[in-house]
DNA sequence: TGGCTTCCGTATCGAACGCTACGAAAGTCT
DNA sequence: AGACTTTCGTAGCGTTCGATACGGAAGCCA
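Chains as they are written, first to last, in this note's numbering: chain A, 15 to 235; chain B, 15 to 235.
(1) Under 9 Å, do residue 219(A) and residue 129(A) count as touching if we go by C-beta distance?
(2) Taking C-beta pairs closer than 7 Å, name the residues in chain B that residue 194(A) reaches, listed in chain order.
(3) Chain B beta carbons: is any one of them nearer than 9 Å to that of residue 233(A)?
(4) Using a Cβ-Cβ distance cut-off of 9 Å, determine whether residue 202(A) contacts chain B.
(5) Cβ closer than 7 Å: which chain A residues qualify as neighbours of residue 227(B)?
(6) List, in chain order, every chain B residue whose beta-carbon is nearer than 8 Å to that of residue 52(A).
(7) What in chain A is Cβ-close to residue 131(B), meaning under 9 Å?
(8) Taking 9 Å as the CB-CB limit, is residue 170(A) close to chain B?
(9) Since residue 222(B) and residue 201(B) are thought to touch, with beta carbons under 8 Å apart, how far apart are those beta carbons, to the nearest angstrom?
(10) Does the beta-carbon of residue 61(B), which I'm using as the reference point, lie nearer than 8 Å to any heavy atom of the ligand GDP?
(11) Helix, strand or coil: which one does DSSP assign to residue 148(B)?
(12) Return yes when the Cβ of residue 199(B) is within less than 9 Å of the Cβ of residue 131(A), no when it is not.
(13) When the cut-off is 9 Å and only beta carbons count, does residue 211(A) lie next to chain B?
(14) Would you verify that the beta carbon of residue 179(B) is, or is not, closer than 9 Å to some beta carbon of chain A?
(15) Within the same chain, show all residues whose beta-carbon is closer than 8 Å to that of residue 137(B), passing over the 5 residues directly before and after it, in chain order.
(16) What residue from 40(B), 226(B), 99(B) and 139(B) has the CA that sits closest to residue 212(B)'s CA?
(17) Can you tell me where the alpha helix (DSSP H) with residue 45(B) in it begins and where it stops?
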């Protein structure tokens, strides 16, 4: 959501299914777990959760089904791990919003960051969080809820940041913080749809710019 | 998108697969084609295109697979017909936008209409056009494109309506019409996501209201 | 009434789904 | 070196996918 570098590297090799398990010898893994997770993330990003098959995944990851299952558990846990890799720790996003110089600046940063991330040349269009579980069967409701929780945390952190600016007199007292926060999140979802529809980056940027005009005027402290 | 009555009735019985075909006798259909299409629409609306199975459909429609295929062709054509039933003829939506008293009024009407439609008590949450094909495998790209075309027509009609108001001096000359039009469509996509996340109607309404603040001030003619 | 046409219900079709049993291979540890 | 642990590749598990073949049933028209 915020960073563009969440695509490349992360921790580095070694087991880490639930929390870096100690191994007592045995044949070492012959593929790069991080690289494989990267491929899985890209597939879920482009084609969604339920509509990406294990066969699609193993082919792109360059491994066989048993390797996938021993390394990642099952499809659901692989997806949730890909989500974490895509969006980073939710606490980091919350901290970034809280640390922004102003709520409006956080909004601008979030929106322009989304425009860049959704139209990357080497990544699928749109947002994984917005599209991968936008619809699905009843059996994947728990996964849909897990992704929705990510959105909620962003919106809540954002509403809190707006509340700070209202309390500080930077934003008008009558500002509807939750509504403004949800508007930003809503526009981001829309930007994802438009990126998937093939609109170019500058078109998305102009939409993000227009959305910022919904912001009330600030009174610098 | 605009009307809320697109849920109940439509033409009425009789064959209409591609264009009301004449029949030369034979056993008449024993189920209500419109009612069955309604059920299919609701299932696609709630669970999406690829993630709704033929078995789900036949069960909800109260018919057997052969009946479904005889009456609707295949899954793809059934879905496209359900989309038409959901959103109505695109020409009607375009005409409604063109006939609005002002572009801003059209935006207000579109947004409030979306809030109502996405939070109906007897319908699935969110928007079929926004969620049913938000992601999918490569084999359903044509369906995704067909739905995207619907969004494009709305946005284009809207941009044209804004252009009218700019030409008439109702909106400032520097107004970015396409961006403003796309912003409305983007917010609608976001409202759909939020409705699916379970947010209540008043929360969505406040977001729609906040979005309207992005609109430049009018100069009534 | 008889012929024709269409639909309905049963019982699948081959393919793809998520997932795993099993034995050989390749490492670490004593 | 030898026991042990873990991964690897092959092959296939049972289920569900979208879509049909087929024969009997039910209507229209002559």
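Note that beta-carbon positions come from the ideal geometry of N, C-alpha and C, so glycine has one too. Being a predicted model, the structure only gives us computed values, none of them experimental.
So, to answer that:
(1) Indexing the first chain from 1 puts residue 219(A) at position 205. Indexing the first chain from 1 puts residue 129(A) at position 115. Going by C-beta atoms, residue 219(A) is nearer than 9 Å to residue 129(A).
(2) Counting from 1 along the first chain, the entry for residue 194(A) is found at position 180. Near residue 194(A) (Cβ distances below 7 Å), the residues of chain B are 224.
(3) As a working mapping, residue 233(A) is identified with position 219 in the first chain. No - not a single Cβ of chain B is within 9 Å of the one on residue 233(A).
(4) Stepping through the first chain from its first residue, residue 202(A) is reached at position 188. By this cut-off, residue 202(A) is an interface position.
(5) As a first step, residue 227(B) is located in the second chain; it is residue number 213 there, counting from the start. Within 7 Å Cβ-Cβ: 228.
(6) Along the first chain, one-based indexing puts residue 52(A) at 38. Per Cβ cutoff of 8 Å: no residues; residue 52(A) is ~19 Å from chain B at best.
(7) Sequence index remark: in the second chain, residue 131(B) carries index 117 (1-based). Those within 9 Å of residue 131(B) in chain A number zero; the least Cβ separation is about 16 Å.
(8) Your numbering for residue 170(A) matches position 156 in the first chain. So, not an interface residue.
(9) Stepping through the second chain from its first residue, residue 222(B) is reached at position 208. Stepping through the second chain from its first residue, residue 201(B) is reached at position 187. So it is a contact: roughly 7 Å between Cβ atoms.
(10) For the ligand GDP, the structure offers nothing, since it holds no ligand at all.
(11) Numbered from its first residue, the second chain carries residue 148(B) at position 134. Residue state, collapsed to three classes: coil.
(12) Start at 1 with the first residue of the first chain, and residue 131(A) comes out as number 117. Start at 1 with the first residue of the second chain, and residue 199(B) comes out as number 185. The answer is no: Cβ separation not under 9 Å.
(13) Residue numbering aside, residue 211(A) sits at position 197 when the first chain is read from its first letter. Output row for residue 211(A): interface = yes.
(14) To locate residue 179(B), count along the second chain from 1; it is residue 165. For residue 179(B), the answer is no, since every Cβ of chain A falls outside 9 Å of its Cβ.
(15) To locate residue 137(B), count along the second chain from 1; it is residue 123. Contacts found: 21, 56, 59 and 131.
(16) Indexing the second chain from 1 puts residue 212(B) at position 198. Among 40(B), 226(B), 99(B) and 139(B), the Cα nearest to that of residue 212(B) belongs to 139(B).
(17) In the second chain, residue 45(B) corresponds to position 31, counting from 1. Segment: none, residue 45(B) is in no alpha helix (DSSP H) and carries neither H nor E.
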